[in-house]
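Undergrad:
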Amino acid sequence: MNDLNRQAIANYKNDFLREVEERVEDGDWVRMCMQCGVCAGSCPLGNAWEHTPQKLFMMIRAGKREEVLSSDSMWMCTSCYNCIVRCPRKLPITHIMHGLAHYAHKLNMAPKGQPTRDIAKLFWDNLVKTGRVNELKFSLAMYFKDGFMQGIRNALAMQAVGMGLVKAKRLNPMEILGGHKCKDQGGIHRMIAKARAIEAHKKG
Amino acid sequence: MSEMKTAAYICSGCELGDKLDVAQLSKIAQKEGKMALVREHEFLCSEAAVQIIRDDIANEAVTHICIAACSRRAKTEAFHFPEVAMSRANLREGVIWIVAEGSEHDEVRQDMADDYVRMACAELKKMKLPQGNPNHAGNKRILVVGGGMSGLTAALEAAEAGYEVVLIEKENQLGGWASKLWKRVPFKQPYAEPQDTGAAALAAKVTAHPRITVHLNSTLAETSGAPGRFGVQIAQESGASVTEEVGAIVQATGFSAYDLNKLPELGGGKPNVTDQAGLEALARAANGATIKRADGKEISSVVFIQCAGQRDDSGTHLPYCSGHCCATSVKQAMYFKDANPDVDTVVMYTDLRMPGMGEDFYRSAQDKGVIFTKGKAAAVETSGDGCTVKFRDLILDEDTAVNADLVVLATGQVPNAGVDLEAWNPIVTAAEGGSEEAKVQRVELHKTSVLKLNYRQGPDMPQLKQGFSDSHFICFPYETRRTGIYAAGPVRRPMDMLQATEDATGAALKAIQAVENASLGRAAHPRSGDLSFPSARLEGCTQCKRCTVECPFGAIDEDEKRYPVFNESRCRRCGTCMGACPVRVISFENYSVDTVGMQIKAVDMPDEFSEKPRILLLACENDAYPALDMAGLQHHVYSAFVRAIPVRCLGSVNTIWITDALNSGYDGVMLMGCKHGDNYQCHFVKGSELANYRMSKIDDTFKQLGLEPERVITHEVAITDHARVAQLINDYAAKINEIGMSPMKAFA
Amino acid sequence: MSKRQYAFYPGCSSQKGASASNFVTSIQMMCEKLGVQLNEIPDWNCCGASIGYGEGGELPRLVLNARNLALAEQHLPGQDMVSGCPACWLSTRETAERLNKFDDLMAEANEALKEAGLNLKGSVKARHIVEVLIEDVGFAEMRQAVVKPLQDLKIAGYVGCQTNRPFGITGESFENPLYLDKMIETVGAEAVSSYDQKVTCCGGALAFSEPDKSQKQIRDIVESAYDHGAEMIVTPCQLCQANVEVYQSEINKKQGTQFNMPVVYYSQLMTVAYGGGVKQAGLDGHIIQPKKLQDIAGK
């Protein structure tokens with residue numbers, strides 16, 4: 002259990018709804034759910050969710066902190082925004098799912114090795130480094146995230162795809178040497194660090 | 099009334115002249131119809147033509163007119179001659195618009211038009227000009243029974259419209275349930291906060307109103323009479339009795355809360371478990387501060403259980419939804435949150451129903467932090483200091499529990515409708531048969547009556563469903579089956595306060611309409627304004643009681659010799675009594691066994707070798723006949739072998755018309771009436787059902803005549819069925835073609 | 190004719206040698222013909238895309254986009270900021286709307302932006318190129334520029350998610366937007382009218398992390414195009430284009446299908462219809478060759 006988690010538990014005791022309202026992006030919308038289930042029925046990966054958004058909202062209200070934050074459900078979000086536009090109560094469901102996933106990740110309660118969680122971290126680290134995404138490095142990092150041997154297997158399995166993109170000039174092997182980047186990388190790094198500091202101060 | 103002088107007016111406008119031989123129609127009116135005066139006009143509904151008719155009435159002493167033009171439902175303002183009897187031959191919607199185009203159809207089209215002219219002339223000669231109910235009375239005061247929100251609103255609305263009102267209330271103050279509430283569900287923008295009930299202000303207005311007389315601590319001891327002349331005896335708690343005469347009655351007796359003690363599994367009757375009324379009392383005691391339990395403890399957690407003893411399909415509790423309780427619980431949860439946001443409030447529901455602007459109110463409660471749990475309560479256990487609600491979480495699909503200082507059960511509305519006539523009638527029959535036990539039961543049951551009507555049909559209004567006094571929830575709100583008596587508010591159907599006040603306004607207007615019609619001797623809904631009334635040749639009556647039993651409105655009593663006594667003011671003019679009478683002694687001036695019978699006989703009957711069958715169509719004027727008119731308007735083609743006669747209700751169809759028709763050579767008879775049964779649409783409640791029953795008995799007659807049972811068929815038709823009526827007719831024409839011409843033709 | 194000026198935010202996938210580089214190629218001639226000038230925002234950075242939330246959280250993500258908005262505001266004043274990538278557009282527009290709505294967020298964002306020497310007033314409007322085409326240029330002008338109508342070409346218009354939701358194109362429905370079909374018809378081709386996978390999600394970024402789940406989505410999208418007799422799929426989205434094109438071979442391998450459905454951008458159709466060649470339309474950048482379109486472009 003990390004410090005952030007320990008502190009949150011001490012702070013909110015059994016009131017998980019309040020914790021979500023105060024600490025999760027758009028979490029103050031959770032109470033406005035009217036349990037119609039349209040979100041659950043609208044999700045393209047709906048069947049893959051152990052707990053649908055509708056159910057997650059109910060679990061939050063019922064105080065099921067451990068079950069919600071350790072769930073891999075919200076990591077199934079493809080950001081298609083179907084739930085947002087269909088929600089009759091106009092809950093920003095996609096954002097809440099993102100917020101819950103981020104919060105669980107931050108407390109280190111999100112499932113270990115959850116592929117979307119891992120990729121999300123790789124992606125962010127990749128983009129923050131130079132200010133822009135390096136698709137090749139991102140892809141390689143992705144393949145090798147589960148270790149060197151698995152990485153070779155992954156890369157080989159996707160070799161046809163990769164080579165196709167290279168041939169179509171849409172994946173540049175030379176990117177490994179550096180590739181696109183922003184000029185003011187220092188400024189970007191400082192800016193992100195500041196934003197993180199503000200957020201940490203505000204949301205624990 | 100002076101000597102009958104008949105006149106026929108035949109229109110050639112609207113292409114009638116192009117499609118029909120109008121001269122031939124005139125000749126038929128003159129020679130066969132024996133009309134004293136016959137005129138043709140190319141635009142009969144024009145001002146000039148109408149003036150000609152008026153002049154004939156004034157100068158030629160015409161007393162009976164036949165208009166051969168469009169449907170009787172069209173151009174009613176132009177063809178409005180209240181001083182004469184009038185029949186209409188429907189040549190436009192009924193003939194030229196529905197017979198197939200083309201000269202090959204000229205003959206059957208003309209045949210059809212000829213017959214309709216013959217029929218209209220035949221009908222006319224049997225008609226009398228309705229004189230209005232001679233027994234009418236003009237008392238225009240309105241009695242309101244019940245001084246809650248519905249009753250107060252009805253009283254005030256009627257009084258403000260200029261009518262005197264007598265209001266009786268059984269308790270010692272006005273306001274009913276509303277006066278026991280801390281706040282009410284919002285009925286004004288922004289629908290976010292509980293609002294003041296306004297009951298006290300409304301009661302004060304009513305009390306101070308110069309046209310309203312209020313009787314507190316009072317109940318009805320007896321109600322007699324009819325619209326325009328109800329006599330009511332009011333019993334006061336003191337034992338005194340007051341007599342009032344009124345013209346119409348609004349019953350706004352409201353509801354009682356479902357008995358909490360019937361819900362022991364949900365803790366009903368145990369400490370710290372209350373119903374919504376109980377919570378209102380606690381909230382009133384708190385007066386805006388933190389709400390305390392009866393034992394004085396400040397409540398820090400509360401669970402509201404919705405649908406407690408409601409929407410129950412096991413047959414134990416109320417099967418219906420009372421409509422207001424979700425919003426009421428939301429409001430009550432707000433009482434807690436508004437006083438102290440830290441109080442845990444859970445509304446446990448299976449389906450939250452927040453009609454009207456309730457959705458905004460629901461959102462507001464969510465915003466205040468009220469927790470809504472979709473769950474089904476299984477049990478409430480009370481132990482020591484609080485309660486544990488065990489429930490099935492319907493979203494998480496698990497059995498779980500929640501603790502609370504107080505549990506509020508949202509129980510339902512039970513109507514204060516008085517005696518259930520379904521229970522009353524067998525007891526009366528048994529009592530009249532001499533059963534001592536039944537006599538005691540009758541006395542006991544009668545004590546529970548609200549209206550104490552002295553009608554032979556029982557002391558209260560018939561109940562539609564689940565004990566609510568209504569005649570039709572959708573088509574005819576406020577209308578009951580007792581003319582001049584209107585139900586308003588939760589006694590009519592479950593509803594909230596806002597709906598009840600709207601309901602009361604509607605009922606007040608209905609009551610006003612009833613006293614106005616009654617004072618002119620006219621009928622009430624749905625033949626509002628009709629001046630005809632039933633009369634009986636009692637010398638022919640066999641005292642069979644069918645008319646008194648079958649009248650859907652309890653308009654017919656019996657005298658001591660068991661002859662029918664008509665209360666014309668209570669009568670709706672449907673003619674169900676006329677249809678019921680086996681000896682055909684009941685008639686209306688302008689609608690009788692003869693006015694229809696003569697039309698049936700007036701049709702020119704082609705012989706059995708003509709290949710021209712004839713189908714009689716008796717169509718209810720409320721839905722089926724308009725549907726036929728619309729079929730014409732839409733130019734749906736149907737068989738030209740049909741001869742349609744509108745009837746007031748299928749209930750008025752006397753079986754003699756069927757047998758007469760078959761005897762005179764018709765090949766088939768179609769009856770079209772409104773839907774009957776549980777979800778009936780009959781404008782006279784029971785008419786179409788009775789007709790259906792009577793037709794089912796006609797089979798024996800057919801066997802005697804050696805006829806196929808398919809020679810008579812009955813259909814339920816709605817006003818929207820314009821395409822379907824044409825199809826039904828065509829299908830039936832094909833069927834007749836299949837079974838062949840009637841063997842009775844040879845004898846006709 | 191003076192050109193319409195826009196601050197252009199290309200996004201990472203549109204860089205040279207990146208997965209949607211041919212998209213950027215294809216819009217050049219289209220913009221030229223329609224009098225649209227795109228001025229690249231200097232030193233723009235990544236928007237965070239739809240998966241940045243996991244590690245990034247709220248404010249860092251907003252700040253990334255605020256930086257681009259601030260750069261546009263500073264260097265290209267008065268110009269609407271335009272992106273061709275739905276993810277870039279969505280992130281930027283969401284940021285602009287949230288910061289403009291909540292003063293505290295704007296203050297926090299500016300506190301962070303200060304570290305990069307920037308400040309955001311919030312005057313920039315974030316738009317999608319498709320909005321520019323429909324709202325500023327209009328269908329009539331788009332049609333006028335056609336010199337080579339794409340006759341006898343039946344195309345499934347695949348709108349996907351983020352061009353359509355949560356913002357979408359004004360006046361269009363989320364469930365059945367019609368503008369892409371109209372654009373297809375504008376250049377003389379036939380749009381499949383009842384393409385039922387029009388707004389289905391391709392799996393987005395989960396194509397990487399949950400390949401089986403997203404390939405099921407892609408299979409539906411391609412299969413329905415075949416079922417409706419389409420010869421190619423056209424889309425406004427970079428990630429949709431890549432996912433739906435690239436993974437067909439994987440699906441064939443795993444599920445024994447024989448998919449070979451070309452997936453192109455609307456801008457490629459327009460460039461060809463406006464007289465552009467294979468290279469100008471970026472038609473040399475495909476794994477599944479859009480033969481028919483290449484043939485027309487080559488004529």
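As given, the protein sequences belong to chains W, C and X, one line each in that order. If you count the first sequence from 1, position 162 lands on 163 in the numbering used here, and the numbers rise without skipping. If you count the second sequence from 1, position 662 lands on 760 in the numbering used here, and the numbers rise without skipping. If you count the third sequence from 1, position 128 lands on 317 in the numbering used here, and the numbers rise without skipping. Where is the CB? At the ideal position from N, CA and C, for every residue including glycine. What you are looking at is a predicted structure, and each value in this text was computed from that prediction instead of being measured.
#1: In chain order, what residues of the same chain have a beta carbon less than 8 Å from the beta carbon of C/Met99, not counting five sequence neighbours either side?
#2: Which same chain residues end up closer than 7 Å to W/Leu92 when comparing Cβ atoms and leaving out the 5 residues on each side of it in sequence?
#3: Measure from the C-beta of W/Cys183 to each C-beta in chain X and report whether the shortest distance is under 9 Å.
#4: Enumerate, from N- to C-terminal direction, the unbroken beta strand (DSSP E) stretches of 3 or more residues contained entirely within the region 455 to 526 of chain C.
#5: Can you tell which of C/Arg671, C/Asp628, C/Asn370, C/Gly386 has its C-alpha closest to the C-alpha of C/Asp436?
#6: Is the Cβ-Cβ distance between C/His820 and C/Gln697 less than 9 Å?
#7: Please classify C/His422 as buried or exposed, where buried requires at least 16 neighbouring CB atoms within 10 angstroms.
#8: Figure out for me which residue from C/Ile403, C/Arg809, C/Ala302, C/Arg792 has the closest Cα to the Cα of C/Ala759.
#9: Just the chain C side, please: which residues come within less than 7 Å of W/Lys56 by C-beta, in chain order?
#10: Let me see if you follow: with CB-CB separation under 9 Å, is C/Gln83 close to chain W or not?
#11: Starting from the C-beta of W/Asn83, find all residues in its chain whose C-beta is less than 6 Å away, skip the five residues before and the five after it, and write them out in chain order.
#12: Within 10 Å of its beta-carbon, does C/Val136 have 16 or more other beta-carbons around it, so buried, or fewer, so exposed?
#13: Is there a Cβ from chain W that is less than 9 Å from the Cβ of X/Val423?
#14: Find the nearest neighbour of C/Phe566 within the set C/Ile525, C/Gly532, C/Glu520, C/Gln555, judged by alpha-carbon distance.
#15: Check whether the Cβ atoms of C/Asp594 and C/Thr426 lie closer than 9 Å to each other.
#16: Is W/Lys138 helix, strand or coil by DSSP?
#17: For the region 472 to 484 of chain C, enumerate the residues whose C-beta is nearer than 7 Å to any C-beta of chain W, in chain order.
#18: Taking 8 Å as the threshold, find out whether the region 277 to 288 of chain X comes into contact with the region 117 to 127 of chain C through three or more Cβ pairs.
#19: Just the chain C side, please: which residues come within less than 7 Å of W/Arg32 by C-beta, in chain order?
#20: Does C/Ser685 come out as helix, strand or coil in the three-state DSSP assignment?
#21: Using the rule of at least 16 other Cβ atoms within 10 Å of the residue's Cβ for burial, across every protein chain shown, is W/Thr79 buried or exposed?
#22: Given a threshold of 16 other Cβ atoms within 10 Å of its Cβ, counted over all protein chains shown, does W/His52 qualify as buried or as exposed?
#23: Leaving out five residues on either side along the sequence, give the residues of the same chain with a beta carbon under 6 Å from the beta carbon of C/Asn665.
#24: Where does the unbroken alpha helix (DSSP H) through X/Ala261 begin, and where does it stop?
#25: From which residue to which residue does the alpha helix (DSSP H) around W/Arg191 run?
#26: For C/Gly76, which residues from the same chain have a beta carbon less than 6 Å from its beta carbon, with the 5 sequence-adjacent residues on both sides left out?
#27: Which whole runs of the alpha helix (DSSP H) in the region 363 to 397 of chain X are 4 residues long or more, in chain order?
#28: Give the residues from the region 445 to 462 of chain C that approach chain W closer than 8 Å (Cβ to any Cβ), ordered along the chain.
#29: Hey, how far is the Cα of X/Gly465 from the Cα of X/Gln194?
#30: Can you give, in chain order, each stretch of the alpha helix (DSSP H) that sits fully within the region 634 to 720 of chain C and has at least 4 residues?
#31: Given that W/Met60 touches chain C, what residues does it touch there, using C-beta distances under 9 Å?
#32: What is the rounded straight-line gap between the Cα of X/Ser310 and the Cα of X/Ile230?
#33: Can you tell me whether C/Tyr107 is buried or exposed, with buried defined as 16 or more other CB within 10 angstroms of its CB?
#34: Looking at chain X, is there any beta carbon in it that lies within less than 9 Å of the beta carbon of W/Ser72?
#35: Please tell me whether X/Thr389 has its Cβ less than 9 Å away from any Cβ of chain W.
TA: Taking the definition as stated:
#1: Reliability of the predicted coordinates at C/Met99 is poor, the pLDDT of 47 falling under 50, and the value obtained from them is presented with this limitation in mind. Cβ neighbours of C/Met99 beyond the five flanking positions: Thr161, Lys226, Leu227.
#2: Trp30, Met33, Cys34
#3: yes
#4: 469 to 481, 484 to 491, 496 to 502, 504 to 507, 511 to 513
#5: C/Gly386
#6: no
#7: buried
#8: C/Arg809
#9: Ile493, Leu494
#10: Shown here, chain C extends from 99 to 846; a query on residue 83 of chain C therefore has no answer.
#11: Ser43
#12: buried
#13: no
#14: C/Glu520
#15: yes
#16: helix
#17: Lys472
#18: no
#19: Gln464, Gly467
#20: strand
#21: buried
#22: buried
#23: Ala324, Ala653
#24: 247 to 264
#25: 186 to 204
#26: Since the first residue shown for chain C is 99 and the last is 846, residue 76 of chain C is missing from the structure and cannot be characterised.
#27: 368 to 375
#28: Leu450, Tyr460, Arg461
#29: 22 Å
#30: 644 to 648, 674 to 678, 691 to 700
#31: Ile493, Leu494
#32: It should be noted that the sequence gives Lys, not Ser, for residue 310 of chain X. X/Lys310 and X/Ile230: Cα-Cα distance of roughly 17 Å.
#33: buried
#34: no
#35: yes
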